[in-house]
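Q:
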Amino acid sequence: MNKKAFPLHKLGLYLHLPFCSRICHYCDFVKSALYSEEQKKSYIDSLEHLLDDYIKAWDEIPGSPKEFYSVFWGGGTPSLVTHEIIPIMQKILKHTRAGAEVTLEANPEHINEESLKIWALAGINRISLGVQSFNEEGLKALTREHSREKALEAVRLVRKYFPNCNVDLIYGWPGQTEKDWEEDLSLLTKSGATHASLYNLTFEGSTPFARRVARGKMEAIDDDRLYGFYETACKMMKDAGYEHEEVSNWHLPGFEAQHNGLYWHGGSYLALGAGAHSFLEELGPYGTRWQQSGNWRTFVPEPAANLQGILTRHYNQIDADRDVEAWILEVVSSGLRTARGINISAIKDKTGYSLEPRPILKQAIDLGLIVRDEKGQLFLNELEWFRETRWSLEVALSFIQA
Ligand code: SF4
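Taking the numbering used here, I'd label the letters of the sequence shown as residues 1162 to 1563.
1) Buried or exposed: where does H1244 fall if 16 or more other Cβ atoms within 10 Å of its Cβ makes it buried?
2) Closest to S1495 by CA distance: which of D1534, F1547, T1459 is it?
3) So within the region 1180 to 1268, which uninterrupted beta strand (DSSP E) runs reach at least 3 residues, ignoring any that extend past its ends?
4) Under 7 angstroms Cβ to Cβ from L1444, same chain only, skipping five residues before and after it: list those, please.
5) Pair every Cβ in the region 1496 to 1506 with every Cβ in the region 1534 to 1542, then say whether three or more of these pairs are closer than 8 angstroms.
6) Given that a residue counts as buried once 16 or more other Cβ atoms are within 10 Å of its Cβ, and exposed if not, what is S1358?
7) Under a criterion of Cβ closer than 6 angstroms to any non-hydrogen atom of the ligand SF4, which residues qualify, in chain order?
8) Where does V1328 sit, in a helix, a strand or coil, going by DSSP?
9) Can you have a look at N1327 and say buried or exposed, based on whether 16 or more other CB atoms are within 10 angstroms of its CB?
10) Pull up the DSSP beta-bridge partners for V1438, would you.
11) Drop a sphere of 10 angstroms on the beta-carbon of V1532, count the other beta-carbons inside from all chains shown, and report buried for 16 or more, exposed for fewer.
12) Below 7 angstroms between beta carbons: does that hold for A1218 and L1528?
13) Could you tell me the distance, in whole angstroms, from the CA atom of Q1452 to the CA atom of G1436?
14) Quick one, are the C-beta atoms of E1228 and T1257 less than 7 angstroms apart?
15) Can you pull the DSSP bridge partners for W1457?
16) Cβ of L1362 within 7 angstroms of Cβ of G1333?
17) Check whether the region 1198 to 1216 and the region 1413 to 1430 touch, using three or more Cβ-Cβ pairs below 8 angstroms as the test.
18) By DSSP, does N1410 sit in helix, in strand, or in coil?
19) Using only CA atoms, which one of R1305, S1240, L1472 lies nearest to F1440?
20) Rounding to the nearest angstrom, what Cα-Cα distance links S1182 and P1239 in this structure?
21) Do G1173 and Y1430 have their CB atoms nearer than 7 angstroms?
22) Smallest Cα separation from F1180: which of A1267, E1407, S1193, D1383?
23) Do you know how far the Cα of K1340 is from the Cα of S1347?
24) To the nearest whole angstrom, what separates the beta carbons of D1345 and N1268, a pair I think is in contact under 8 angstroms?
25) Could you tell me which of L1522, Y1187, G1428 sits nearest to G1299, measuring between CA atoms?
26) Name the DSSP bridge partner or partners of T1443?
27) Beta-carbon within less than 6 angstroms of L1178's beta-carbon, same chain only, minus the 5 sequence neighbours each way: which residues are those?
28) Could you give the first and the last residue of the continuous beta strand (DSSP E) run that contains F1390?
29) At a cut-off of 6 angstroms, would you count E1491 as near the ligand MG, judging by its Cβ distance to the nearest heavy atom?
30) Taking 7 angstroms as the cut-off, decide whether the C-beta atoms of I1279 and V1319 are in contact.
Encoded structure:
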């Protein structure tokens, strides 16, 4: 990936499938466990119509890529569909570069040889497994459906058919000890996963967990303990040969997350489906963001003749008038959570703003918490990625107020 240029001219495709067999109590995504097979089919048909409209409108965005760099089926639980995605995948692959990463999120309880063969046939080449924990107590605490044995078996089966497999784990669940977390990490690194996403448990929106915390019926783990779990992950993943690419993401050499890399480094992504967020950096001086309505039951887009029609008919919450300050803050805060950091001269080329470190930033550079190298990259020390928000504003202001 070119580290310097904005825009990156890379366009990812995200497709959101909101269907789940049951609802996990920490989950704040757009999802539903109440749906019929007919509704599922008509939702996938709607995704296909929306994709058709967008591809027709490609030429209206000067300089925008005309093929997808990566594809990601997220949810919800995309592993609740198998052969139903074959027609839309055939269309997607015609507009996707050769060798692109094509990921499908799956839950361990849905993994079997037959579904893996269908997904491979459909053109999926990477599975992202929502394991969350290998610990029986942890799975119970997180209200997951699968067992430790099923999770281990699922990773083994996925690796039989797919060379690239991500495993998601959550840390900070109620009752989790440091030893539990070490065991989870140890099983993960021995499982054959080529990529790992390790997230701390959050209590967001109106999830059952967030409501329990608000009523004092559940206690969120404190920040210092969470940071301890993060430090353990940094050490154990490194010892096992994984490279740390982003605060929550590690990979074995050669298995960087290509699609997620677009989110972290300012790339474009078209997101189709209920509640999905899109960003096109080629649309407007600092890109345009928009979000689709979260109501999947009414997700039946009318055909649109042009880009304006797509944006106004299919989406709400369009943010087209983004200014330079908002862009800088976004690029800084997402880049400072990654190994690549941010490129000072690329930001200057795009915005005209140079970096003039404010006193706190100068001090952090002197202390080695932040590194500025001779190539113009600015990095946070890995252990500070977890507390990136404390530095992002300083760095952004060091550009804006220079
Ligand atoms: S965590 Fe995944 S499986 Fe659980 S409710 Fe959310 S989207 Fe569905």
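C-beta: ideal position from N, C-alpha, C; glycine also.
Only a predicted model underlies this, so the values are computations on that prediction, with no experimental measurement involved.
A: Result, derived from the coordinates:
1) By the beta-carbon neighbour count (other beta carbons within 10 angstroms, threshold 16), H1244 is exposed.
2) Ranking the options by Cα distance to S1495, first place goes to F1547.
3) Listed in chain order, the beta strand (DSSP E) runs fully inside the region 1180 to 1268 are 1229 to 1236, 1257 to 1267, counting runs of at least 3 residues.
4) Cβ within range, chain order: I1222.
5) Inter-segment contact for the region 1496 to 1506 and the region 1534 to 1542 is present: three or more beta-carbon pairs are separated by less than 8 angstroms.
6) The residue in question, S1358, is buried, as its Cβ has 16 or more Cβ neighbours within 10 Å.
7) Put simply, the residues with a CB less than 6 angstroms from any heavy atom of the ligand SF4 are C1181, I1184, C1185, C1188, F1190, K1192, G1236, G1237, T1238, N1268, G1291, in chain order.
8) If DSSP states are grouped into helix, strand and coil, V1328 belongs with the strands.
9) Residue environment: N1327 is assigned as buried (16 or more neighbouring CB atoms within 10 Å of its CB, all protein chains considered).
10) According to the sequence shown, residue 1438 is His rather than Val. Its beta-bridge partners are Q1452.
11) Exposed: under 16 other Cβ atoms inside 10 Å.
12) Cβ distance not < 7 angstroms, so A1218 and L1528 don't count as in contact.
13) Here the alpha carbon of Q1452 sits roughly 6 angstroms from the alpha carbon of G1436.
14) Contact: yes.
15) Answer by DSSP bridge pairing: none, since W1457 is not bridged.
16) Between L1362 and G1333, the C-beta gap is smaller than 7 angstroms, which places the two residues in contact.
17) Inter-segment contact for the region 1198 to 1216 and the region 1413 to 1430 is absent: fewer than three beta-carbon pairs are separated by less than 8 angstroms.
18) Here N1410 sits in strand by DSSP.
19) The shortest C-alpha separation from F1440 is found at L1472.
20) One C-alpha to the other measures close to 11 angstroms.
21) One thing to note: G1173 has its Cβ within 7 angstroms of the Cβ of Y1430.
22) The option with the nearest alpha carbon to F1180 is S1193.
23) Between S1347 and K1340, the C-alpha separation is close to 10 angstroms.
24) About 17 angstroms separates the two Cβ atoms, so there is no contact after all.
25) Of L1522, Y1187, G1428, the residue nearest in Cα terms is Y1187.
26) Per the sequence shown, the amino acid found at residue 1443 is Glu instead of Thr. Looking at the DSSP assignment, E1443 forms no beta bridge with any residue, so it has no partner.
27) Setting aside the 5 residues that flank it on each side, L1178 is surrounded in the same chain by G1236, G1237, P1239, each with a C-beta closer than 6 angstroms to its C-beta; the list follows chain order.
28) Annotation for F1390: no beta strand (DSSP E) segment contains it, though the alpha helix (DSSP H) segment containing it runs 1384 to 1400.
29) This structure lacks the ligand MG; the ligands present are the ligand SF4.
30) The beta carbons of I1279 and V1319 sit no closer together than 7 angstroms.
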